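**Q**
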Amino acid sequence: MDTELIVGELCKVTVRKFNPELDPEPYYSTYEIPYTRGMRVLEALDYIVEELGDSLAYRWFCGVKKCGGCGILLNEKPVLACWESVQKEMKIEPLPNFPILRDLVIDRSRFDKDLIRIVPWVERSDKYPGFPEKILPSEMGHSIEMMYCIECLLCNSVCPAYNEKSDFIGPAILVQLAKFALDSRDNAPRAQIAVEKTDIIDCVNCYKCVEACPTNVNVLEHGIDPIRSLIIEENIGDIAHHNRIYRDLVIRQGIVNPSTLLLKSLRTRVLYEIPLAIRMWWKGRISISKIIRGVFGGEHLNSQDEIIKLATTIKQNEHNEAE
Ligand code: SF4
Ligand code: SF4
Ligand code: FES
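Under numbering that gives the first Met the number 0, the residue at position 313 of the sequence shown is numbered 312, and the numbers go up by one with no gaps.
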């Protein structure tokens, strides 16, 4: 850490390098960098190129945590190179979950293409009132928090549901979608866009994106969850159906068993999924007796009573709020 290092002390820096056009596979190069007061990782990378004369590709622009371009993996943790203090020993790699253009430079083009798909602007149905437009913070809600996103993609790099080929669009784009969806001036069909363009249902609520975000955007609770709520409120597609089943199972049984969830989610389409069901049964993921108990209502464990009470109260509150 910064405070543990003395000016002039040598730091060992190991950098993953790879030029897809020349190198058969990635390799690591190690350097010694003399520490200077307040030194950031970006300065260590500069030192390798400018003082040691080695070739190294890395991306940066602002140097002050604004442009989001300098994301790297430092000792297995995603960070902004311009903002992170150097350490005595550093292993520096490109962000995971992206194709590598060269060395530490990732290919961000999927983000740019996906961004266009979610209509990244405020779409108004009423007339623009002119500048300056007065808007109360209360009218914007968590949309303001989403504006702190600097599009660094650290969240995508840790997301277990996202990779370069996944249908899931990733948390970084969902933050952009939430920014417009929660903006009181916007009238675009955001829930519809979320269902059709993002595969938002693939998010597994792991909070890794929240932990990784350098600007403290609560990606999950203030971005993804409100979009899901919109989908349920507007009753769009299978996601709303799936969520209602999930809640009703908790209310009835205090637990969600995969067998019943599958059966109720697919309804008559379950007939087309019989081969999948057989594979799941074979692997022990579903049980015929549990399906029967789930559909016709069965005994539940005493410890589930509290969960059932909680879920019933939540449903009742939602019902009261809707009225
Ligand atoms: S909470 Fe969802 S979006 Fe965030 S990292 Fe986990 S799976 Fe990805
Ligand atoms: S939400 Fe946070 S981690 Fe994700 S792109 Fe925006 S600033 Fe980066
Ligand atoms: S260089 Fe712009 S955020 Fe790091």
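The beta carbon of each residue, even a glycine, is placed where N, CA and C say it ideally should be.
These figures come from a predicted structure and were not determined experimentally.
With a threshold of 7 Å on Cβ separation, who are the neighbours of Lys178 within its own chain once the five nearest residues in sequence on each side are excluded?
**A** As a first step, residue 178 must be located in the sequence shown, where it is residue number 179. These residues qualify, in order along the chain: Ser142, Met145 and Met146.
**Q** Just the Cα atoms here: how many angstroms apart are Leu44 and Leu55?
**A** Here residue 44 is taken as the residue at index 45 of the sequence shown, counted from 1. Here residue 55 is taken as the residue at index 56 of the sequence shown, counted from 1. Approximately 8 Å between the Cα atoms of the pair.
**Q** For Tyr34, which of helix, strand or coil comes out of DSSP?
**A** As a position in the sequence shown, residue 34 is number 35, starting the count at 1. Note: Tyr34 maps to coil in three-state DSSP.
**Q** With distance defined between alpha-carbon atoms, name the residue in Arg123, Ser137 and Lys133 nearest to Arg189.
**A** Along the sequence shown, one-based indexing puts residue 189 at 190. Measuring from the Cα of Arg189, the nearest candidate turns out to be Arg123.
**Q** If you draw a straight line from the alpha carbon of Gly222 to that of Lys207, how long is it in whole angstroms?
**A** Along the sequence shown, read from residue 1 onward, the residue named residue 222 stands at position 223. Along the sequence shown, read from residue 1 onward, the residue named residue 207 stands at position 208. So the two alpha carbons sit approximately 14 Å from each other.
**Q** Straight-line CA distance for Asp106 to Pro98?
**A** Locating residue 106 in the sequence shown gives position 107, counting from the first residue. Locating residue 98 in the sequence shown gives position 99, counting from the first residue. Approximately 5 Å, taken between the alpha carbons.
**Q** In angstroms with no decimal places, state the Cα-to-Cα distance between Thr61 and Asn234.
**A** As a position in the sequence shown, residue 61 is number 62, starting the count at 1. As a position in the sequence shown, residue 234 is number 235, starting the count at 1. A small correction: the amino acid at residue 61 is Cys; Thr does not occupy that position in the sequence shown. Whole-angstrom Cα-Cα distance: 43 Å.
**Q** Might you give, ordered along the chain, the residues of its own chain that have their beta carbon closer than 7 Å to the beta carbon of Trp59, omitting 5 neighbours on each side?
**A** Locating residue 59 in the sequence shown gives position 60, where the first residue counts as 1. Closer than 7 Å at Cβ, skipping near neighbours: Leu41, Gly68, Cys69, Ala80 and Cys81.
**Q** Taking 6 Å as the limit between beta carbons, can you name the residues of its chain near Val104, skipping five residues before and five after?
**A** Taking the sequence shown and counting its residues from 1, the one referred to as residue 104 is at position 105. Closer than 6 Å at the Cβ level, and outside the excluded window around Val104, lie Ala56 and Arg58.
**Q** From the DSSP output, in three-state form, read off Leu219 for me.
**A** Sequence index remark: in the sequence shown, residue 219 carries index 220 (1-based). Leu219 falls in the helix class under three-state DSSP.
**Q** Should the segment 161-181 be called in touch with the segment 21-31, which here means at least 3 C-beta pairs below 8 Å?
**A** As far as the Cβ criterion goes, the segment 161-181 does not touch the segment 21-31, which means the pair count is below three.
**Q** Might you give, ordered along the chain, the residues of its own chain that have their beta carbon closer than 7 Å to the beta carbon of Glu220, omitting 5 neighbours on each side?
**A** Sequence index remark: in the sequence shown, residue 220 carries index 221 (1-based). The answer is none, since no qualifying residue turns up.
**Q** For Asp185, I'd like the list of residues in its chain whose CB is within less than 8 Å of its CB, leaving aside the five on either flank, ordered along the chain.
**A** Your numbering for residue 185 matches position 186 in the sequence shown. Once the five neighbours on either side are set aside, the close Cβ partners of Asp185 are Val121, Glu122, Arg123 and Phe179.
**Q** May I ask you to report which of helix, strand or coil DSSP gives Lys16?
**A** Along the sequence shown, one-based indexing puts residue 16 at 17. In this structure, Lys16 counts as strand in the three-state DSSP scheme.
**Q** Nearest CA to the CA of Tyr26: which residue from Arg15, Asp198, Cys205 and Ile71?
**A** By 1-based counting over the sequence shown, the position of residue 26 is 27. Of the listed residues, the one whose Cα sits closest to Tyr26 is Arg15.
**Q** Check for me: the beta strand (DSSP E) holding Arg101 runs from which residue to which?
**A** Translated into positions along the sequence shown, residue 101 becomes position 102. It spans Ile99 to Arg101 - the beta strand (DSSP E) in which Arg101 sits, taken as one unbroken run.
**Q** Name the two residues that bound the continuous beta strand (DSSP E) containing Leu51.
**A** The residue given as residue 51 occupies position 52 in the sequence shown. Element bounds for Leu51: n/a, residue is neither H nor E.
**Q** I need the straight-line Cα distance from Asp198 to Phe167, nearest angstrom please.
**A** One-based indexing of the sequence shown puts residue 198 at position 199. One-based indexing of the sequence shown puts residue 167 at position 168. Cα-Cα distance, rounded: 5 Å.
**Q** What residues in its chain sit with their C-beta under 7 Å from that of Glu132, if we drop five residues either side in the sequence?
**A** Residue mapping note: residue 132 aligns to position 133 of the sequence shown, counting from 1. No residues qualify anywhere along the chain.
**Q** Check each residue's C-beta against every heavy atom of ligand 3 and list, in chain order, those closer than 7 Å.
**A** Listed by chain position, these are Leu41, Trp59, Phe60, Cys61, Gly62, Val63, Lys64, Lys65, Cys66, Gly67, Gly68, Cys69, Leu79, Ala80, Cys81, Trp82, Ile149 and Cys151.
**Q** Checking the sheet assignment: what are the DSSP bridge partners for Ile91?
**A** The count along the sequence shown starts at 1 and reaches residue 91 at position 92. Ile91 is bridged to Val14 and Leu73.
**Q** Would Asn155 pass as a contact of Asn74 if the rule is Cβ separation under 9 Å?
**A** Counted from its first residue, the sequence shown places residue 155 at position 156. Counted from its first residue, the sequence shown places residue 74 at position 75. The answer is no: Cβ separation not under 9 Å.
**Q** Using 8 Å for Cβ pairs, my map puts Ser84 next to Arg39. What's the rounded Cβ distance?
**A** Stepping through the sequence shown from its first residue, residue 84 is reached at position 85. Stepping through the sequence shown from its first residue, residue 39 is reached at position 40. Correct: roughly 6 Å between the Cβ atoms.
**Q** I'd like the span of the alpha helix (DSSP H) that includes Asn162, first residue to last.
**A** Counted from its first residue, the sequence shown places residue 162 at position 163. Here Asn162 belongs to no alpha helix (DSSP H), and DSSP marks it neither H nor E.
**Q** Nearest to Arg227 by alpha carbon, out of Glu210, Val216 and Ile192?
**A** Here residue 227 corresponds to residue number 228 of the sequence shown, with the count starting at 1. When each option's Cα is compared against that of Arg227, the closest is Ile192.
**Q** Apply the 10 Å Cβ neighbour rule to Gly52 and answer buried if 16 or more other Cβ atoms are within range, or exposed otherwise.
**A** As a working mapping, residue 52 is identified with position 53 in the sequence shown. Exposed.
**Q** Regarding Asn155 and ligand 2, is the C-beta to nearest heavy atom distance less than 8 Å?
**A** Sequence index remark: in the sequence shown, residue 155 carries index 156 (1-based). Checking every heavy atom of ligand 2 against the Cβ of Asn155, one is found closer than 8 Å.
**Q** Tell me whether Tyr161 counts as near ligand 2, meaning its Cβ is closer than 8 Å to at least one heavy atom of that ligand.
**A** The sequence position of residue 161 within the sequence shown is 162, counting from 1. The answer is no for Tyr161.
**Q** If Pro77 and Val203 are in contact, beta carbons under 8 Å, what's the gap, nearest whole angstrom?
**A** Counting from 1 along the sequence shown, the entry for residue 77 is found at position 78. Counting from 1 along the sequence shown, the entry for residue 203 is found at position 204. Actually they are not in contact, since the Cβ atoms of Pro77 and Val203 sit about 18 Å apart, beyond 8 Å.
**Q** Rounding to the nearest angstrom, what Cα-Cα distance links Lys164 and Gln86 in this structure?
**A** As a first step, residue 164 is located in the sequence shown; it is residue number 165 there, counting from the start. As a first step, residue 86 is located in the sequence shown; it is residue number 87 there, counting from the start. If I take the Cα positions, the gap works out to 34 Å.
**Q** Are the Cβ atoms of Ile71 and Leu100 separated by less than 9 Å?
**A** As a working note, residue 71 is residue 72 in the sequence shown. As a working note, residue 100 is residue 101 in the sequence shown. The answer is no: Cβ separation not under 9 Å.
**Q** Anyone know if the C-beta pair for Ser183 and Glu138 falls short of 9 Å?
**A** Against the sequence shown, residue 183 aligns to sequence position 184. Against the sequence shown, residue 138 aligns to sequence position 139. Yes, the pair counts as a contact, with Cβ atoms nearer than the cut-off.
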